[in-house]
Every structure is written in structure tokens, then in C-alpha cells.
Amino acid sequence: MTTRSFPGQSFITFRGLRQRFHFTVSFMFATRERNALLLYNGRFNEKHDFIALEIIEEQIQLTFSAGETKTVVHPFVPGGVSDGQWHSVQLHYYNKDSLHLLGSSGVLGVPLYTAWLELTHKEPNIGRLGIPHGPSGEKVAVVAVDDCDIAMAVRFGNQISNYSCAAQGTQTGQKKSLDLTGPLLLGGVPNLPEDFPVRNRDFVGCMRNLSIDSQPTDMASFIANNGTTAGCPAKRNFCTKDLCQNRGVCVNKWNTYSCDCPLGYGGKNCEQGEGVCVADVKWLTS
1 MTTRSFPGQS FITFRGLRQR FHFTVSFMFA TRERNALLLY NGRFNEKHDF IALEIIEEQI
61 QLTFSAGETK TVVHPFVPGG VSDGQWHSVQ LHYYNKDSLH LLGSSGVLGV PLYTAWLELT
121 HKEPNIGRLG IPHGPSGEKV AVVAVDDCDI AMAVRFGNQI SNYSCAAQGT QTGQKKSLDL
181 TGPLLLGGVP NLPEDFPVRN RDFVGCMRNL SIDSQPTDMA SFIANNGTTA GCPAKRNFCT
241 KDLCQNRGVC VNKWNTYSCD CPLGYGGKNC EQGEGVCVAD VKWLTS
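Those letters in the sequence shown? Residues 1 to 286, by the UniProt record's numbering.
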């Protein structure tokens with residue numbers, strides 16, 4: 001099973017990535033939410049190592065920390081990723097010295113799939129004294145969205161018509177690995193009193209084709225499931241009728257719609273003369 005459906009306040013749990021000097025995670029998703037949490041791995045507070053992959057204002061954003069400081073990586077794609085269509089995201093994390101894959105400018109100098117092949121077949125790096133070179137405290141994360149030439153975007157993205165479908169973030173510190181204790185969570189986090197280092201706590205939509213370290217992961221092989229279901233229901237167009245009154249604008253969401261009401265109107269369909277300006281209504285679907 002490669003596809004899961006996520007209603008609101010649901011998530012699925014897999015075994016965590018644990019202590020890592022390098023890893024890759026990739027998957028596809030479809031949503032109409034402008035803001036959502038796609039993936040989280042780490043303890044359930046902001047005092048320890050973590051990675052968090054979110055949608056912030058329709059764009060992908062990665063936040064990661066090795067316990068000392070936080071780094072944010074935010075690629076950009078025109079039109080965003082909240083259009084209800086399938087989008088892909090790739091996350092590549094590695095220790096800079098252990099790979100020697102970066103050029104003098106500090107960015108990837110080879111295509112990323114080539115870099116990963118070199119990593120998986122790399123022999124230990126032996127120094128002139130016969131001592132293996134250990135990893136340093138410099139850690140790099142690269143995030144790419146959809147069909148992206150990653151090396152081109154990271155190296156020349158700001159020079160070539162704002163080609164920013166991939167972005168890179170670097171973090172330095174005393175720690176040499178990312179200790180991702182705790183489970184790997186897709187689509188949300190538990191409703192716990194602790195403060196998660198994320199801006200969003202859930203995801204509404206579908207995910208498929210999860211891969212960890214280039215190995216496909218059966219999305220039915222979860223440790224725990226909190227409200228997700230197998231497969232992905234067909235998306236419906238809720239805005240085929242004049243649902244919103246008083247010149248309100250209908251906005252499609254996932255199994256719901258919202259009405260953007262003009263100033264002075266509110267209610268689920270902008271039918272009230274006073275009240276909030278935006279209201280959601282959820283329809284039950286079979």
C-alpha cells in the first residue's frame with residue numbers, strides 16, 4: 001500500500017530515523033491547505049534534535065536542529081503546492097565533511113542522485129596519517145519540490161529567473177550527528193501539552209510513495225495509525241453552485257469549501273450581515 005488519506009487531526013507513525021550522519025526522505029502529497037505539517041521526527045519538544053517539513057503559505061519549508069540552533073530551508077515554486085494536485089518533495093540531509101560532495105562555493109557540485117550513489121558506495125576517507133576522517137559539525141540539508149534540477153537550483157537559482165525549486169541550509173555546532181529519537185510522524189503530531197517547534201499540527205489531504213534512503217516504504221507498515229485511511233478519495237469540486245451569498249467567493253478545500261466574505265458579512269455562506277469574514281463548512285461524503 002503506497003497511499004494514505006489524512007482527514008483533519010490525523011497522523012501515521014513509523015519507526016524514527018534515529019542517529020544519522022545522512023539520510024534521504026521523499027514522498028508525494030496532495031492538499032488544498034495553505035498551511036500544514038507534512039513530517040516530523042524528534043522528541044515532543046523543542047529542546048532536542050528534530051526535523052519538521054511543513055507547508056507555510058502554500059510553500060514547502062524545512063526546519064531542523066541538532067539541539068543547538070534551528071535552521072530553516074524554504075524552496076519556492078510558482079503557484080505553490082496547495083492546489084489539490086500531486087506534488088513531490090525530497091529531503092536530503094548529510095554531514096559535509098563525510099561526503100566531500102560540495103564544491104568550493106559550498107553547494108552541491110554534482111546531481112543529487114549521483115551524490116547519493118557516491119555516498120552509499122563510499123569507502124572511508126583515510127588521511128595522510130592513516131586515520132579515517134570523521135564527520136565534522138557542519139550539517140547540510142537540501143529540500144527539493146517537484147521535478148527540479150537540484151544542483152542547478154541550489155547553485156544558480158537566484159541567477160536564472162528565480163529558479164528556486166530546491167534550497168539548501170547549513171548548520172554548524174559541536175554535535176556531529178542528528179539524533180532523531182522518537183517516532184517518524186506523517187501528517188500531524190499528537191495533541192500533547194508540550195510545545196512542538198512547528199507552526200502547524202496537522203495535514204488534510206493524501207500522501208503516497210514514501211521512500212526512506214531510496215527504499216520504498218509500505219505505508220501500511222506503520223507502528224500506529226491515528227485516523228488515516230488507505231487510498232485517496234477523489235477530489236470534489238464544491239464550488240459548482242452559488243454557495244456563497246452577498247458576493248462571497250467560494251474556495252475549494254479538501255472535502256469542504258470556504259466562503260471569503262466581503263467586509264460586513266459572515267456566516268458559513270456569507271448570509272449574515274455581521275460576524276467573521278471567513279467561515280468553513282464541511283460536507284459529509286460517502
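We treat Cβ as the ideally placed atom computed from N, Cα and C, and that holds for glycine.
The model shown is predicted, which means the values in this text are computed figures rather than measured ones.
Exercise. When the Cα atoms are used, what is the spatial distance from Val198 to Leu37?
Worked result: 8 Å
Exercise. When you compare only the Cα positions, how much space is there between Phe222 and Ala167?
Worked result: Answer to the nearest angstrom: the Cα atoms are 30 Å apart.
Problem set entry | Own chain, CB closer than 6 Å to Leu129, minus 5 neighbours either side, in chain order | Because Leu129 sits at a pLDDT of 42, beneath the cut-off of 50, its placement in the model cannot be relied upon, and the following sentence gives the value as read from the coordinates. Cβ neighbours of Leu129 beyond the five flanking positions: none.
For this session: Put Ala66 into one of helix, strand or coil per three-state DSSP.
Result: DSSP places Ala66 in coil when its eight states are reduced to three.
For this session: Please confirm whether Phe76 and Ser164 have their CB atoms less than 8 Å apart.
Result: yes
For this session: Could you check if Lys241 is buried or exposed, using at least 16 other CB atoms within 10 Å of its CB as the buried criterion?
Result: exposed
Exercise. Per DSSP, what kind of secondary structure is Cys206 in: helix, strand or coil?
Worked result: Note: Cys206 maps to strand in three-state DSSP.
For this session: Tell me whether Thr13 sits in a helix, a strand or coil according to DSSP, three-state version.
Result: strand
For this session: Report back the beta-carbon spacing between Cys206 and Cys239 to the nearest angstrom; my notes put them in contact at under 8 Å.
Result: Actually they do not touch by this definition, with Cβ atoms about 20 Å apart.
For this session: Can you have a look at Trp116 and say buried or exposed, based on whether 16 or more other CB atoms are within 10 angstroms of its CB?
Result: Its pLDDT being 43, under 50, Trp116 is placed unreliably by the model, and nothing is read from it.
Exercise. Three-state secondary structure (DSSP) at Arg155?
Worked result: Here DSSP, grouped into helix, strand and coil, assigns Arg155 to helix.
For this session: State whether the segment 207–221 contacts the segment 55–67, with contact taken as three or more CB pairs (one from each stretch) at a distance under 8 Å.
Result: no
For this session: Could you have a look at Cys259 and say whether DSSP puts it in helix, strand or coil?
Result: strand
Exercise. What did DSSP end up calling Cys239 once you bin it into helix, strand or coil?
Worked result: helix
Problem set entry | Thr2 - containing beta strand (DSSP E), residue span | Run containing Thr2: none; DSSP gives neither H nor E here.
Problem set entry | Assigned secondary structure, Ile150 (DSSP; H/G/I helix, E/B strand, else coil) | Residue state, collapsed to three classes: helix.
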